[in-house]
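Numbering (the UniProt record's numbering), first residue to last: 1 to 333.
Idealized CB from N, CA, C, for every residue including glycine.
It should be emphasised that the depicted structure is a prediction, and the values quoted were computed from it without experimental measurement.
Structure, as structure tokens:
This is the structure:
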């Protein structure tokens, strides 16, 4: 879910072409995998699967989207979540319940023949489990694409890598990356293109938000942005009911954050959450290196074990060619 800052970001973001983006991109892996699992499905909501019933939607998305990014001149690195903070457990439990209900609703929609509703509920039932993560990491390794294991939240690690200069920007659908301090956030990168939504086809384009410009646009500091997040709700606390982004911005600008919290949520201490956003657990234990794909290994995995068309796999692998990698150092950074 992330923090709800869409309204505040409306006038502080820019739409960019994928061709205009270059350099190293730290991608929130779990965020991307959920997107692939939610979107890449049959019309009735059934995920793509191998002949023996193994889900392959995430592998399809990972292969073809990564190939497209590399061909466009980007060097992706995927950052995986580690251990979540204890105060996220309630959100995790709620999400699990939502997915379970959606899964049951999907089955009911299939039973009565409501295909549109079935697809909607199936998308909401997507789960990223150990098998999904393991096969995703295996494929990335075979593709020669680095991945990083974060000690805690992947978005926090990606933001740290961007601040450190290891990557040019962080990639996620959630605005939390900005609260974690990423200098640049790019949204929609892993889902850009033509998409079906609510019965109609739309074009989804990447969006870029520069943190300093965003803060200037709102007239606040990063700490103030974190306070807005706490007021409207984050993955770590639901916030204050009825307080949206614009109201929260007004309260923070007026220096009323602490008094409003004391009045509306007297039992809640926001300090641990604020500290987590401003100084999250991160690691320097990573090495970013790209190599040519292990073509035979990728084909053996995807075609041999997961029943992918060898021709489609080979076509995707062509995008990882040396020609696609021939960028100057300045273009990468």
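Checklist entry - Assuming residue 208 and residue 191 make a contact with CB atoms under 8 Å, what is their CB distance in whole Å? => result That pair is no contact at about 15 Å.
Next on the checklist: So the candidates are 230, 282, 234 and 157; which of them puts its Cα closest to the Cα of residue 262?
Outcome noted: Comparing Cα positions, the closest option is 230.
Next on the checklist: Here's the rule: buried if 16 or more other CB atoms are within 10 angstroms of the residue's CB, otherwise exposed. What is residue 13?
Outcome noted: buried
Checklist entry - Secondary structure at residue 29, three-state DSSP: helix, strand or coil? => result helix
Item to check | From 298, 283, 67 and 69, residue whose alpha carbon lies closest to that of residue 156 | outcome: 283
Next on the checklist: If distances are taken between C-alpha atoms only, which option among 31, 293, 317 and 19 comes closest to residue 175?
Outcome noted: 31
Item to check | Option nearest residue 210 by Cα separation, candidates 301, 222 and 183 | outcome: 183
Checklist entry - Helix, strand or coil: how does DSSP classify residue 221 here? => result coil
Next on the checklist: Using the three-state DSSP reduction, which class does residue 305 fall into: helix, strand or coil?
Outcome noted: helix
Item to check | Helix, strand or coil at residue 15 according to DSSP, with G and I counted as helix | outcome: Secondary structure of residue 15 (DSSP, three-state): strand.
Checklist entry - Which ranges would you report for the beta strand (DSSP E) in the stretch 120–164 if only whole runs of at least 3 residues count? => result Entirely contained in the stretch 120–164, the beta strand (DSSP E) runs reaching 3 residues are, in chain order, 147–149.
Checklist entry - Start and end of the alpha helix (DSSP H) containing residue 10? => result Where residue 10 is concerned, there is no enclosing alpha helix (DSSP H), given that its DSSP letter is neither H nor E.
Next on the checklist: Looking at the strands, I want to know which residues DSSP matches up with residue 76.
Outcome noted: 25
Next on the checklist: Restricting to Cα atoms, I'd like to know which of 189, 252 and 51 is closest to residue 206.
Outcome noted: 189
Next on the checklist: Measuring straight from C-alpha to C-alpha, what distance separates residue 224 and residue 81?
Outcome noted: 25 Å
Checklist entry - Quick check: the stretch 120–127 against the stretch 99–108, are there 3 or more CB pairs under 8 Å? => result yes
Next on the checklist: Using a 10 Å radius around the Cβ and a threshold of 16 neighbouring Cβ atoms, would you call residue 55 buried or exposed?
Outcome noted: buried
Checklist entry - Three-state secondary structure (DSSP) at residue 272? => result helix
Checklist entry - Should residue 92 be labelled buried (16 or more other beta-carbon atoms within 10 Å of its own) or exposed? => result exposed
Item to check | For residue 165 and residue 18, the rounded distance between their alpha carbons | outcome: 21 Å
Item to check | Outcome for residue 26 when other beta-carbon atoms lying within 10 angstroms are tallied against a minimum of 16 | outcome: buried
Next on the checklist: Relative to the C-alpha of residue 9, which candidate in 107, 239 and 215 has its C-alpha closest?
Outcome noted: 215
Checklist entry - DSSP puts residue 185 in a beta bridge; with which residues? => result 170 and 209, per the DSSP bridge assignment.
Checklist entry - Across which residues does DSSP place residue 334 in a beta bridge pair? => result No answer is possible for residue 334: it lies beyond the span of the chain, which begins at 1 and ends at 333.
Item to check | Euclidean distance between Cα positions of residue 325 and residue 265 | outcome: With a pLDDT of only 48 at residue 325, under the threshold of 50, the placement of this residue in the model should not be trusted; the figure read from the coordinates follows. About 53 Å.
Checklist entry - Is it true that the stretch 231–239 meets the stretch 41–48, where meeting means three or more beta-carbon pairs spaced less than 8 Å apart? => result They do not touch, by the three-pair rule.
Item to check | Beta-carbon gap between residue 87 and residue 280 smaller than 8 Å | outcome: The Cβ atoms of residue 87 and residue 280 do not sit closer than 8 Å to each other.
Checklist entry - Got a sec, what are the start and stop residues for the alpha helix (DSSP H) residue 310 sits in? => result Element bounds for residue 310: 310–317.
Next on the checklist: Only counting the same chain, and skipping five residues up and downstream in sequence, which positions put a Cβ closer than 8 Å to that of residue 7?
Outcome noted: So the list reads 244, 245 and 246, once near-sequence residues are dropped.
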